[in-house]
Amino acid sequence: MAYSNKVRSIYQETISGIRDAGIFKQERFIHSPQAADIVVEFPSGSPLKKVINMCANNYLGLSSHPDVVKAAHEGLDSRGYGMSSVRFICGTQDIHRELERKISEFLGTEETILFPSCMDANAGVFEAVLTKDDVMISDRLVHASLIDGIRLCSAVQDTFKHSDIKHLESKLQLHADKRFKLVITDGVFSMDGDTARLDEMVALCEQYDAMILVDESHSSGFIGKTGRGTHEKYNVMGKIDIITTTFGKALGGASGGCVSGRRELVEMCRQKARPYLFSNTIAPVVVAGVLKVLDILSASTDRRDKLETNTAFWRKGLTEAGFVLREGDTPIVPVMLFNAKLSQDFSRALYDEGIYAIGFFFPVVPQGAARIRTQISAGHEMHHLQKALDAFTKVGRKFDILHKTKQEITDMYGN
Ligand SMILES: *Cc1c(COP(=O)(O)O)cnc(C)c1O
């Protein structure tokens, strides 16, 4: 069918509907490297403005670290720009193998396989290791990429209420007849910043003879005493059957992901996972960058320690200023506003004060749970955080939401 005026008008109406609902996503253009201080054009065509970035996944401040950039340059010089092939034809270099070994060492796993992204890792892993005789039991708040991967798999699908161990147990009992049971969770949940209780979950999996998969995208590099992830925090290293994670967040922030865990499961991915078989893997320049990131993190915990200090300062400051926060101790610090339009207006007012922080609302978070999700970085210095705190306080006062309860805020703005 031709792209007729009728077809065009239907799409235009749909897009207008998105605009009218106030949920149209608008890009802000960054004219500088990713860092605590960035130069932004927003809205499109506006003069450039220097602002403090409070919403990057750049947890360790490594996205533009000079040593990582230098290592990437060297990788580019020594291994070229592109592979022009998928891994199993002629797209595997020695540095891909080296990165897989280093990741296994860092995460404390048996084996690792790289994917173009964690989205691809999650899209490929389930169908590669499970069949229709198996069951996948996932937390109801897992990341969209896990949901998509689950959809692509022929195994039976079920869910348990968010972080509800009792409910998970009932589902494990319900599916006792299946060949394999695979429990699926995020390590750190991206919208609320809470962590999965992996110690309890692993114990339950052992009791009911189930495997466990944890997506560590918002954990790898900084959660746990030496930054290995949520499994380190809960003292279950070596007991997670499958870890998926990204290099697109704390680990340099460029791109790429992996499946890491039991040797045979990783081998199954190498034989069967479609994004691995049919899509180019990580470019040499990025591999070289991630290798350097792992060296930096293995040499010292300074960055994750600084991130912890920064996070504590930020949470305490916002709490004392009178904001409603989601409880937690990760660098994801959601400032609750409840109303979608308020979250947009608040974000805009912060921008005018030189602070870049995005408002999230339905369907990214539940209805009535709109928020500004702030994310702290080891790249933030105290002066960044103090300035951001002053701006949040000023804007909070302007909207008259400080020292108010959820009820009082929703009475004023609706939800
Ligand atoms: C960001 C994220 C992903 C996707 O990672 P990419 O490598 O960018 O595809 C997957 N899972 C979770 C939990 C994430 O937060």
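Residue numbers (the working numbering): -16 to 398. By construction, the Cβ of each residue, glycine as well, lies at the ideal position given by its N, Cα and C atoms. From a predicted model like this one, the values you see are computed outputs, not experimental measurements.
(message) Could you pull the DSSP bridge partners for residue 230 from this structure?
(response) The residue you call residue 230 lines up with position 247 of the sequence shown. None; residue 230 has no bridge partner.
(request) Quick one: residues in its chain with C-beta nearer than 7 Å to the C-beta of residue 172, no 5 flanking neighbours on either side, listed in chain order? (result) Residue mapping note: residue 172 aligns to position 189 of the sequence shown, counting from 1. Once the five neighbours on either side are set aside, the close Cβ partners of residue 172 are 124.
(message) Given the structure, does residue 174 come close to ligand 1, in the sense that its CB is under 7 Å from one of the ligand's heavy atoms?
(response) Taking the first residue of the sequence shown as 1, we reach residue 174 at position 191. Remark: the C-beta of residue 174 is outside contact range of ligand 1, defined as less than 7 Å to any heavy atom.
(request) Could you name the residues of the same chain whose beta carbon sits closer than 7 Å to that of residue 216, not counting the 5 residues immediately before and after it, in chain order? (result) The residue labelled residue 216 in the question sits at position 233 within the sequence shown. Cβ within range, chain order: 178, 206 and 207.
(message) Just checking residue -8 against ligand 1 - is the residue's beta carbon closer than 7 Å to any of the ligand's heavy atoms?
(response) Sequence index remark: in the sequence shown, residue -8 carries index 9 (1-based). No - ligand 1 has no heavy atom lying nearer than 7 Å to the Cβ of residue -8.
(message) Taking only three categories from DSSP, how would you classify residue 117?
(response) Your numbering for residue 117 matches position 134 in the sequence shown. Coil.
(request) Would you grab the beta carbon distance between residue 101 and residue 5 for me? Rounded to a whole angstrom, and I think it's under 8 Å. (result) Residue numbering aside, residue 101 sits at position 118 when the sequence shown is read from its first letter. Residue numbering aside, residue 5 sits at position 22 when the sequence shown is read from its first letter. The Cβ separation is near 30 Å, so there is no contact.
(request) Could you have a look at residue 258 and say whether DSSP puts it in helix, strand or coil? (result) Along the sequence shown, read from residue 1 onward, the residue named residue 258 stands at position 275. In the three-state scheme derived from DSSP, where H, G and I count as helix and E and B as strand, residue 258 is classed as helix.
(request) For residue 144, I'd like the list of residues in its chain whose CB is within less than 7 Å of its CB, leaving aside the five on either flank, ordered along the chain. (result) Here residue 144 refers to the residue found at position 161 when the sequence shown is read from its first residue. If we look at residue 144 and ignore the five residues flanking it on each side, its Cβ neighbours are 123 and 150.
(message) Is any non-hydrogen atom of ligand 1 found closer than 7 Å to the C-beta of residue 102, if you look at the structure I gave you?
(response) Your numbering for residue 102 matches position 119 in the sequence shown. True, at least one ligand heavy atom lies under 7 Å from that Cβ.
(request) From the DSSP output, read off the bridge partner residues of residue 319. (result) Working through the sequence shown from its first residue, we reach residue 319 at position 336. Answer by DSSP bridge pairing, in chain order: 354.
(message) Give me the DSSP bridge partner(s) of residue 342.
(response) Working through the sequence shown from its first residue, we reach residue 342 at position 359. Bridge partners of residue 342: 355.
(message) Can you give me the C-alpha to C-alpha distance between residue 324 and residue 18, rounded to a whole angstrom?
(response) Stepping through the sequence shown from its first residue, residue 324 is reached at position 341. Stepping through the sequence shown from its first residue, residue 18 is reached at position 35. Near 28 Å, if we compare the C-alpha coordinates of residue 18 and residue 324.
(message) Whole angstroms are fine: how far does the CA of residue 176 sit from the CA of residue 311?
(response) Working through the sequence shown from its first residue, we reach residue 311 at position 328. Working through the sequence shown from its first residue, we reach residue 176 at position 193. Rounded to the nearest whole angstrom, the CA to CA distance from residue 311 to residue 176 is 7 Å.
(message) Suppose contacts are defined by Cβ-Cβ distances below 8 Å. Is residue 272 in contact with residue 39 by that definition?
(response) As a first step, residue 272 is located in the sequence shown; it is residue number 289 there, counting from the start. As a first step, residue 39 is located in the sequence shown; it is residue number 56 there, counting from the start. Not a contact, by the Cβ cut-off of 8 Å.
(request) Return yes when at least one heavy atom of ligand 1 lies under 7 Å from the C-beta of residue 229, else no. (result) Residue numbering aside, residue 229 sits at position 246 when the sequence shown is read from its first letter. The answer is yes for residue 229.
(request) Less than 8 Å between the CB atoms is what I'm expecting for residue 262 and residue 103, so what's the real figure, rounded? (result) Residue numbering aside, residue 262 sits at position 279 when the sequence shown is read from its first letter. Residue numbering aside, residue 103 sits at position 120 when the sequence shown is read from its first letter. About 6 Å separates the two Cβ atoms, so the contact holds.
(request) From the DSSP output, in three-state form, read off residue 167 for me. (result) By 1-based counting over the sequence shown, the position of residue 167 is 184. Strand at residue 167.
(request) Assign residue 31 to one of two classes, buried (16 or more other C-beta atoms within 10 Å of its C-beta) or exposed (fewer than that). (result) Here residue 31 refers to the residue found at position 48 when the sequence shown is read from its first residue. Exposed, because fewer than 16 other Cβ atoms sit within 10 Å of the Cβ of residue 31.
(message) Count Cβ pairs between the region 181 to 191 and the region 50 to 69 that sit closer than 8 Å; are there 3 or more?
(response) Look at the beta carbons and you see the region 181 to 191 not touching the region 50 to 69: under three pairs across the two are nearer than 8 Å.
(request) Could you pull the start and end residues of the beta strand (DSSP E) that residue 235 belongs to? (result) The sequence position of residue 235 within the sequence shown is 252, counting from 1. Per DSSP, residue 235 belongs to no beta strand (DSSP E) and is neither H nor E.
(message) For residue 397 and residue 321, I'd like the C-alpha separation in whole angstroms.
(response) Locating residue 397 in the sequence shown gives position 414, where the first residue counts as 1. Locating residue 321 in the sequence shown gives position 338, where the first residue counts as 1. For residue 397 and residue 321, the distance between alpha carbons rounds to 8 Å.
(message) Judging by CA-CA distance, which residue of 81, 69 and 71 is the nearest neighbour of residue 58?
(response) Here the question's residue 58 lines up with position 75 in the sequence shown. Residue 81 is the option with its Cα nearest to residue 58.
(request) Could you please give me the residues that DSSP links to residue 3 through a beta bridge? (result) The sequence position of residue 3 within the sequence shown is 20, counting from 1. For residue 3, which the question treats as bridged, DSSP gives no partner whatsoever.
(request) Could you check the C-alpha separation between residue 44 and residue 139 for me, to the nearest Å? (result) Within the sequence shown, residue 44 is the residue found at index 61, counting from 1. Within the sequence shown, residue 139 is the residue found at index 156, counting from 1. Between residue 44 and residue 139, the C-alpha separation is close to 40 Å.
(message) Comparing C-alpha positions only, which one of 22, 267, 154 and 214 sits nearest to residue 203?
(response) If you number the sequence shown from 1, residue 203 lands on position 220. Closest by alpha carbon: 214.
(request) Could you name the residues that DSSP lists as bridge partners for residue 462? (result) The displayed coordinates of the chain run from -16 to 398. Any statement about residue 462 would go beyond what the structure contains.
(message) Can you tell me whether residue 164 sits near ligand 1, meaning its C-beta is under 7 Å from at least one heavy atom of the ligand?
(response) Taking the first residue of the sequence shown as position 1, residue 164 is located at position 181. No, the Cβ of residue 164 stays beyond 7 Å of every heavy atom of ligand 1.
(request) Thinking residue 92 and residue 243 are a contact (beta carbons under 8 Å), I'd like their distance in whole angstroms, please. (result) By 1-based counting over the sequence shown, the position of residue 92 is 109. By 1-based counting over the sequence shown, the position of residue 243 is 260. Under the criterion of beta carbons closer than 8 Å, residue 92 and residue 243 qualify as touching, at roughly 4 Å.
(request) Please specify which runs of the alpha helix (DSSP H), each continuous and at least 4 residues long, are wholly inside the region 43 to 98, giving them in chain order. (result) 49 to 62, 70 to 73 and 77 to 90
(request) Find the nearest neighbour of residue 52 within the set 301, 85, 302 and 275, judged by alpha-carbon distance. (result) Residue numbering aside, residue 52 sits at position 69 when the sequence shown is read from its first letter. Among 301, 85, 302 and 275, the Cα nearest to that of residue 52 belongs to 275.
(message) Along the chain, where does the beta strand (DSSP E) containing residue 244 start, and where does it finish?
(response) For the purposes of this step, residue 244 is identified with residue 261 of the sequence shown, where counting begins at 1. Element bounds for residue 244: 240 to 244.
(message) DSSP three-state label for residue 213, please.
(response) Along the sequence shown, one-based indexing puts residue 213 at 230. Shown here, residue 213 sits in a helix according to DSSP, grouped into three states.
(message) For residue 399, which residues in the same chain have their Cβ closer than 7 Å to its Cβ, ignoring the five residues on either side in sequence?
(response) This structure gives no information on residue 399, because the portion of the chain shown stretches from -16 to 398.
(request) Assign residue 374 to one of two classes, buried (16 or more other C-beta atoms within 10 Å of its C-beta) or exposed (fewer than that). (result) Position 391 of the sequence shown, counted from the start, is the residue given in the question as residue 374. Residue 374 comes out buried.
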